[in-house]
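The opening residue of the sequence shown carries number 1 in the UniProt record's numbering; numbering runs sequentially from there. A virtual CB, placed ideally from N, CA and C, is assigned to each residue, including glycine.
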Amino acid sequence: MGFFEFCVYFKKMVFLGSLLGILGFGVGISIGVIVGYFLFIYYEPRDVKDYPENTPFDEIEPNTLVDLLPELPLWVMNPDYERVDWFNEFIANMWPFLDKAICGIIKSTCEPIFAEYIGKYQIKSIQFEQLTLGTIPPRLHGIKVYDSIEKELVFEFAIRWAANPNIVVALKLLSLQISVQLVDFQVAATARATLKPFVPTFPCFSSIIVSLTKKPEVDFGLKLIGGDLMAIPGLHHFVQETISKQVARLYLWPQTLEIPILDSSIGAVKKPVGILHVKVLRAQKLLNMDFLSKSDPYVKLSLGGDRLPAKKTTVKMNTLNPVWDEDFKLTVKDPEAQVLQLHLYDWEKIGAHDKLGMQVVPLKLLTPYEKKELTLDLLNSTNPNDPQNKKPRGQIMLEVSFIPFQEDSLNFNGPFSFHERKESVSSLSDDVSLRGAGLLLVNVIAAEDVEGKHHTNPYAVVVVRGEKRKTKARNKTWNPKWEEEFQFMLEEAPLKDLIHIEVKSKKRRFGFRSKALLGYVDIQLKDVIYNGRINEKYHLINSKDGILHVDIGWKVI
Numbered sequence: 001m002g003f004f005e006f007c008v009y010f011k012k013m014v015f016l017g018s019l020l021g022i023l024g025f026g027v028g029i030s031i032g033v034i035v036g037y038f039l040f041i042y043y044e045p046r047d048v049k050d051y052p053e054n055t056p057f058d059e060i061e062p063n064t065l066v067d068l069l070p071e072l073p074l075w076v077m078n079p080d081y082e083r084v085d086w087f088n089e090f091i092a093n094m095w096p097f098l099d100k101a102i103c104g105i106i107k108s109t110c111e112p113i114f115a116e117y118i119g120k121y122q123i124k125s126i127q128f129e130q131l132t133l134g135t136i137p138p139r140l141h142g143i144k145v146y147d148s149i150e151k152e153l154v155f156e157f158a159i160r161w162a163a164n165p166n167i168v169v170a171l172k173l174l175s176l177q178i179s180v181q182l183v184d185f186q187v188a189a190t191a192r193a194t195l196k197p198f199v200p201t202f203p204c205f206s207s208i209i210v211s212l213t214k215k216p217e218v219d220f221g222l223k224l225i226g227g228d229l230m231a232i233p234g235l236h237h238f239v240q241e242t243i244s245k246q247v248a249r250l251y252l253w254p255q256t257l258e259i260p261i262l263d264s265s266i267g268a269v270k271k272p273v274g275i276l277h278v279k280v281l282r283a284q285k286l287l288n289m290d291f292l293s294k295s296d297p298y299v300k301l302s303l304g305g306d307r308l309p310a311k312k313t314t315v316k317m318n319t320l321n322p323v324w325d326e327d328f329k330l331t332v333k334d335p336e337a338q339v340l341q342l343h344l345y346d347w348e349k350i351g352a353h354d355k356l357g358m359q360v361v362p363l364k365l366l367t368p369y370e371k372k373e374l375t376l377d378l379l380n381s382t383n384p385n386d387p388q389n390k391k392p393r394g395q396i397m398l399e400v401s402f403i404p405f406q407e408d409s410l411n412f413n414g415p416f417s418f419h420e421r422k423e424s425v426s427s428l429s430d431d432v433s434l435r436g437a438g439l440l441l442v443n444v445i446a447a448e449d450v451e452g453k454h455h456t457n458p459y460a461v462v463v464v465r466g467e468k469r470k471t472k473a474r475n476k477t478w479n480p481k482w483e484e485e486f487q488f489m490l491e492e493a494p495l496k497d498l499i500h501i502e503v504k505s506k507k508r509r510f511g512f513r514s515k516a517l518l519g520y521v522d523i524q525l526k527d528v529i530y531n532g533r534i535n536e537k538y539h540l541i542n543s544k545d546g547i548l549h550v551d552i553g554w555k556v557i
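So, in C-alpha cells, the structure goes:
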C-alpha cells in the first residue's frame, strides 16, 4: 500500500468513526431519556410509607411532619388564629358568580388603559380574547382579630390561591397578531385589614385599609404565541422575585392600600378645623316691639349644623340702637357648608321673646386669617319670597374672622400662597404651640364594671378649670356607653392642669333624687398637649373594677 492509498484509507476510517460516534451519542441520549422517564414514573420508593388521607399528627413520622409544616394553615401553627371553613365554603359556592363579576371589573378597568396605547408603537388593537379566573377559588387559611380602642376593626388573615386562570390578551402589531396567555397563577400572602372609621350608615365603615405583613410568594406561567416564556433559564426566578419585591414595596407594612367604601362625607363625624371669632358691635334702627317703652334687644349666635347651645349677648334695655362690643368664639367643623346664624330678640320678662330680625353669613365667603367688618340688613327669614323681608328691620354690625387650627391651616385657600402660609406655620416656635390658646376636645366614650350600692344609672361629669359638663344618664347598666364630646375653649395650653372626671349614679324616688359616686379619675393634660391626642382606658379611683374610656384632643389656634 502506497502512501496515497494509506491517506485515503485513513480519511475513510476517521469519517466512519465520527459517524458512529454521533449515532452512538444520539442513541444513548434517547435510550437514557426513555429509561429515566419510565423510572421516574413507575419507580416507587420503598422507604416512603403510605399514609391515609386524614392521618393524626401522632402517627406521622417527625421528618415527614417537618416537611409538611410550611404547608399547614395558620390556625394549626398559631392557636390564636381561627378557622374560617364556613367562609371558604361560602366563597366556593359563590365563586362562579364572583369570577364573572371580578372579570367584568378587570375588563372595564383595563379597556381605558388599552385604549391609550392604540395608535402608539404601531399598535392597532389590544383586547381580551379569554378572561376567566378559573374554577378554583382562593382560600383563607386562618384569621385573627385584634382588640382596638379606636373606632375600627383590625384583623389579620392568610390567603392562598392556586388558580387555573385562562387570561389571553391579543395584541395586533402592524399585521402581526400576538397572543399573551397567563396560566397557573399561584399566590400566598399574609395581610392585615382595618375597617375604619365606623359610621352609622350601612355597611357601617367608610374604608378598608390593607397592608401585607410579609413579602408575598407569587408564581405564574406566561405563554407567548404558544411558547412558555417561563421555561427560559433564569427568567422565571427573575420575574417571580421582581413582582414579589414590587408588590412588597407598594403594600408591605407600613405601606397601605386604602379602598374607599363610602364617601367621606356620608355618616362621618366631622372634627373641628378652626375657630370663628365674632365680635358683635352694635345694631341700629331696630323695630320697637313694646307699647310703652322701647325694645330690649339681645343677639343669639350659632353655626348651622352644630348641636351646641347658641351663644347670647347681654340684654340692652330700652334702646333701638344697642351697643354690645362683645366677643364670641365658635367652633367650625365645615367652613364650606356652615353659616353663622344671627337672631335678634326683644327680651320679655313674661312670655315669649319677640323676634326683631335675623341674618346669616356663609363661612365660605370668609378668607382665613382675615378680619372682616360686616353691616347686615336684618330680615324676617331667609326665604327670598317672604313679603315680610321688605319691611325695614334695622341693621347689625359685627366683625368676623376664621382662624384654622395649625394642623389644618394648609387645607384652606386664603390670601397667602401655599408656600407663604407653610412658612408662617412652620416658623411658629414650639413654645407658642405649647402655650398658646386652643380647643380641648373631651370625648367620654364608655365605662365598664361601674357598680353602685343602691342603684346604677351612671353618667359622667367632666371638670376643666372649674367648668363643668355632664353626659346623659344610662339607666340600669354597669357598662354605659355615652359617646358624648365636650369642647373647652382655653386661652392658654393647660400644661399644669388636670381634667377631673367623675362617674356618678342618680335615681329619683318619691320625688327625691339620690346620687352616688361610682368612681373618678384625674388626668394630666400636659400629656395631651405634647402628644396632641390620647385615647386611653383609666381605672376609676374608689371603684373595685371600674374603667373609664376617654378620648382627649388638643387643637392649637
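Is there a Cβ from chain B that is less than 9 angstroms from the Cβ of residue i?
i	result
ILE208	Absent here is chain B; the protein component of the structure consists of one chain.
Looking only at C-alpha atoms, which of the options sits nearest to residue i?
i	options	result
LYS172	ALA158, PRO137, GLY119 and ALA163	GLY119
PHE198	ILE209, ALA191, SER179 and ALA189	ILE209
ARG513	LYS481, LYS476, LEU525 and HIS455	HIS455
ARG533	GLY553, PRO458 and LEU517	GLY553
GLY104	LEU133, ALA92 and GLU82	LEU133
ALA493	LEU441, VAL462, LYS453 and PRO96	LEU441
ALA283	MET289, THR319 and SER401	THR319
ALA189	ASP219, ILE167 and PRO200	ASP219
THR201	TRP86, ASP263 and GLU536	ASP263
THR194	ILE178, GLU150, ALA170 and LYS223	GLU150
VAL187	THR382, ASN164 and GLU484	ASN164
ASN542	LYS555, TYR520, LEU344 and LYS481	TYR520
ARG469	PHE488, ASN475 and GLU451	PHE488
SER381	LYS555, MET358 and ILE243	MET358
ILE167	GLU217, LEU98, LEU222 and TYR538	LEU222
THR331	LYS285, ALA337, VAL273 and SER293	VAL273
LEU356	TYR369, ARG249, GLN395 and ASN383	GLN395
PRO458	VAL464, GLU348 and ARG474	ARG474
ASP147	HIS141, GLU156, LEU140 and ILE403	GLU156
GLU483	ILE350, ASN535 and ARG192	ASN535
THR314	ASP290, PHE291, SER108 and LEU281	LEU281
Below 8 angstroms on the Cβ atoms is my contact criterion, and I expect residue i with residue j to pass it. Report the Cβ-Cβ distance as a whole number of Å.
i	j	result
LYS312	LYS300	5 angstroms
LEU308	VAL339	That belief does not hold up - the Cβ atoms of LEU308 and VAL339 are roughly 15 angstroms apart, past 8 angstroms.
LEU517	LYS507	About 13 angstroms separates the two Cβ atoms, so there is no contact after all.
ILE523	ILE499	5 angstroms
GLU111	ALA170	13 angstroms between Cβ atoms; not a contact.
GLY444	VAL462	Before going on, a small fix: residue 444 reads as Val here, not Gly. About 7 angstroms separates the two Cβ atoms, so the contact holds.
GLN341	SER302	5 angstroms
ILE350	ILE557	That pair is no contact at about 42 angstroms.
What are the start and end residues of the beta strand (DSSP E) that includes residue i?
i	result
LEU276	274-284
ILE91	Not the beta strand (DSSP E): ILE91 falls in the alpha helix (DSSP H), residues 85-117.
GLU373	372-377
LYS391	No beta strand (DSSP E) holds LYS391; DSSP gives it neither H nor E.
ALA193	176-198
TYR121	That residue, TYR121, is in no beta strand (DSSP E); it is neither H nor E in DSSP.
ARG139	139-146
GLU258	257-260
Tell me, which residues are paired with residue i by DSSP?
i	result
PRO384	Looking at the DSSP assignment, PRO384 forms no beta bridge with any residue, so it has no partner.
ASN166	THR132
GLY532	For GLY532, which the question treats as bridged, DSSP gives no partner whatsoever.
LYS555	LEU439
GLY519	VAL503
GLU326	VAL280
PRO297	ASP346
TYR369	According to DSSP, which records beta bridges pairwise, TYR369 is partnered with nothing at all.
ASP354	ASP346
GLN127	ALA170
VAL361	LEU340
Cβ-heavy atom distance between residue i and the ligand FMN below 8 angstroms?
i	result
GLY142	Ligands are entirely absent from the displayed structure, and the ligand FMN is therefore not among its contents.
Contained beta strand (DSSP E) runs [length at least 3] in the stretch 425-506, N- to C-terminal order: 438-448, 458-464, 467-470 and 481-490
Contained beta strand (DSSP E) runs [length at least 3] in the stretch 201-235, N- to C-terminal order: For the stretch 201-235, whole beta strand (DSSP E) runs of length 3 or above, ordered along the chain, are 205-212 and 217-224.
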